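Colleague: Residue numbers (the numbering used here): 20 to 331. We treat Cβ as the ideally placed atom computed from N, Cα and C, and that holds for glycine. Just so you know, these numbers come straight off a predicted model, no measurement behind them. Sharing a structure below in structure tokens format, with a few things to ask.
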């Protein structure tokens, strides 16, 4: 069983990613969760996570991390996720509390004290992870890998050449990509490859507790595509989780990836050298290129339906 820590900024797709992981607790053990400002303020995304854990009757560590990027002002995304960061579901006020331990110290302690290496699943901006690696470089030997949702080989979604999570804090991303820790990158290309047809999402209506939440999350989250007459939506943050569980349905390539930290046109660009001029030892990132869409969609649906049976 792989042990993971999920670093996130919930976020509709963050919550769905966590729910898919929960459905496979025989394969993934969530050691804890940490939150970072991104989709919305740190307070809002943390509150979203606590409310969901309460709704699902689950008890996991939640530690709050950085409330802004390393050297830039916070830029939240209300157009994508609403003013709460998770508009759509109407969940009760959270009663659960955070650990009270700063996420950086929480991550350090969990990594140093673990008897086996842990995998970090980073599905928000990389601020927490970058600060961790800079402050406590000794933790690197305790990390199996960092699998991230972020970046792109060819395009962007916040500006033409950058994806939001990397754009939000490129300085942190630069630290992570230069750390020497094995990195798996789920960029925009593979997330679009795994886009979920809107008609397939109908299965969650009138099902169990987990399905009800997912249906409400997707009703809001898919508005962007539906308003543009696109018949599918990517659930970005779910991609790294499903890759951990079912890697055989993905295709990937190794590249040397660097982060552009400056410029109004290219800030946050994940610059992959596609010339294949690097020695293998210098290829620092496994980039997921595509996924079998039919198998990806089926796995997602079956995971949520299985979680219905696990959570009453």
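Find out if the Cβ-Cβ distance for the pair residue 5, residue 56 is shorter than 8 Å.
Modeller: The first residue shown for the chain is 20 and the last is 331, placing residue 5 beyond what the model contains.
Colleague: When you compare only the Cα positions, how much space is there between residue 27 and residue 85?
Modeller: Within the chain shown, residue 27 is the residue found at index 8, counting from 1. Within the chain shown, residue 85 is the residue found at index 66, counting from 1. One C-alpha to the other measures close to 11 Å.
Colleague: For the pair the region 190-209 and the region 156-169, tell me if three or more CB-CB distances fall below 8 Å.
Modeller: Yes, they touch.
Colleague: Sorted by chain position, which residues of the same chain lie with C-beta nearer than 7 Å to residue 318's C-beta, five sequence neighbours on each side aside?
Modeller: Here the question's residue 318 lines up with position 299 in the chain shown. Cβ neighbours of residue 318 beyond the five flanking positions: 261, 265.
Colleague: Per DSSP, what kind of secondary structure is residue 142 in: helix, strand or coil?
Modeller: As a first step, residue 142 is located in the chain shown; it is residue number 123 there, counting from the start. Coil, per DSSP.
Colleague: In the DSSP assignment, what are the bridge partners of residue 31?
Modeller: Counting from one through the chain shown, the residue named residue 31 turns up at place 12. Residue pairing of residue 31 in beta bridges, as defined by DSSP: absent, with no partner found.
Colleague: Between residue 100 and residue 59, is the Cβ-Cβ spacing less than 8 Å?
Modeller: Residue 100 sits at position 81 when you count from the first residue of the chain shown. Residue 59 sits at position 40 when you count from the first residue of the chain shown. Cβ atoms of residue 100 and residue 59: closer than 8 Å.
Colleague: Which complete beta strand (DSSP E) runs does the region 192-239 hold, if anything under 3 residues is left out?
Modeller: Qualifying beta strand (DSSP E) stretches, in chain order: 202-205.
Colleague: Could you say if the region 227-243 and the region 64-80 meet the contact criterion of at least three C-beta pairs nearer than 8 Å?
Modeller: yes
Colleague: Please report the distance separating the alpha-carbon of residue 180 from that of residue 283.
Modeller: Along the chain shown, read from residue 1 onward, the residue named residue 180 stands at position 161. Along the chain shown, read from residue 1 onward, the residue named residue 283 stands at position 264. Rounded to whole angstroms, residue 180 to residue 283 spans 10 Å at the Cα level.
Colleague: Does residue 252 come out as helix, strand or coil in the three-state DSSP assignment?
Modeller: In the chain shown, the residue the question calls residue 252 occupies position 233. If DSSP states are grouped into helix, strand and coil, residue 252 belongs with the strands.
Colleague: Rounded to the nearest angstrom, how far is the Cβ of residue 53 from that of residue 126, given a contact under 8 Å?
Modeller: The residue given as residue 53 occupies position 34 in the chain shown. The residue given as residue 126 occupies position 107 in the chain shown. About 6 Å; that satisfies the 8 Å criterion.
Colleague: Touch check for the region 183-198 and the region 145-159: three-plus C-beta pairs under 8 Å?
Modeller: yes
Colleague: Given a cut-off of 8 Å, decide if residue 176 and residue 4 are closer than it, judged by their beta-carbon atoms.
Modeller: The structure shown does not extend to residue 4, since the chain spans only 20 to 331, so no value can be given for it.
Colleague: Label residue 40 either buried or exposed according to how many other C-beta atoms from any shown protein chain fall within 10 Å of its C-beta, with 16 as the threshold for buried.
Modeller: Translated into positions along the chain shown, residue 40 becomes position 21. Per the 10 Å Cβ criterion, buried.
Colleague: According to the Cβ coordinates, are residue 50 and residue 110 closer than 8 Å?
Modeller: What you label residue 50 is simply residue 31 of the chain shown in a count that begins at 1. What you label residue 110 is simply residue 91 of the chain shown in a count that begins at 1. Going by C-beta atoms, residue 50 is not nearer than 8 Å to residue 110.
Colleague: Assuming contact is defined by CB atoms lying nearer than 8 Å, are residue 306 and residue 274 in contact in what I supplied?
Modeller: Mapped onto the chain shown, residue 306 falls at position 287. Mapped onto the chain shown, residue 274 falls at position 255. It is a contact, given that the beta carbons lie within the stated cut-off.
Colleague: Exposed or buried, what is residue 286 when buried is set at 16 or more other beta-carbons lying within 10 Å of its beta-carbon?
Modeller: Translated into positions along the chain shown, residue 286 becomes position 267. Classified as buried, residue 286 has 16 or more neighbouring CB atoms from the shown chains inside 10 Å of its CB.
Colleague: Just to check my reading of the structure: residue 105 and residue 67 have Cβ atoms closer than 8 Å, yes? What is that Cβ distance to the nearest angstrom?
Modeller: In the chain shown, residue 105 corresponds to position 86, counting from 1. In the chain shown, residue 67 corresponds to position 48, counting from 1. Between residue 67 and residue 105 the Cβ distance is about 4 Å, and since that is below 8 Å, they are a contact.
Colleague: Here's the rule I'm using: 16 or more other beta-carbon atoms within 10 Å means buried, otherwise exposed. How should residue 119 be labelled?
Modeller: Translated into positions along the chain shown, residue 119 becomes position 100. Exposed, by the Cβ-count rule.
Colleague: Relative to the C-alpha of residue 25, which candidate in 81, 251, 249, 62 has its C-alpha closest?
Modeller: Against the chain shown, residue 25 aligns to sequence position 6. Considering only alpha carbons, the answer is 81.
Colleague: Using only the alpha-carbon positions, how far apart do residue 121 and residue 161 sit?
Modeller: The sequence position of residue 121 within the chain shown is 102, counting from 1. The sequence position of residue 161 within the chain shown is 142, counting from 1. If I take the Cα positions, the gap works out to 19 Å.
Colleague: Quick check on DSSP: helix, strand or coil for residue 26?
Modeller: The residue labelled residue 26 in the question sits at position 7 within the chain shown. Note: residue 26 maps to strand in three-state DSSP.
Colleague: When burial is assigned at 16 or more other CB atoms within 10 Å of the CB, is residue 47 buried or exposed?
Modeller: Numbered from its first residue, the chain shown carries residue 47 at position 28. Buried, by the Cβ-count rule.
Colleague: Between the Cα of residue 102 and the Cα atoms of 271, 304, 239, 290, which residue gives the shortest distance?
Modeller: Position 83 of the chain shown, counted from the start, is the residue given in the question as residue 102. Comparing Cα positions, the closest option is 239.
Colleague: Around the C-beta of residue 214, are 16 or more other C-beta atoms found within 10 angstroms, so that it is buried, or is it exposed?
Modeller: As a working note, residue 214 is residue 195 in the chain shown. Residue 214 comes out buried.
Colleague: Under a three-way DSSP split, which group does residue 116 fall into?
Modeller: Here residue 116 refers to the residue found at position 97 when the chain shown is read from its first residue. Coil.
Colleague: Using the Cβ count rule (16 or more neighbours within 10 Å means buried), how would you classify residue 303?
Modeller: If you number the chain shown from 1, residue 303 lands on position 284. Buried: at least 16 other Cβ atoms inside 10 Å.
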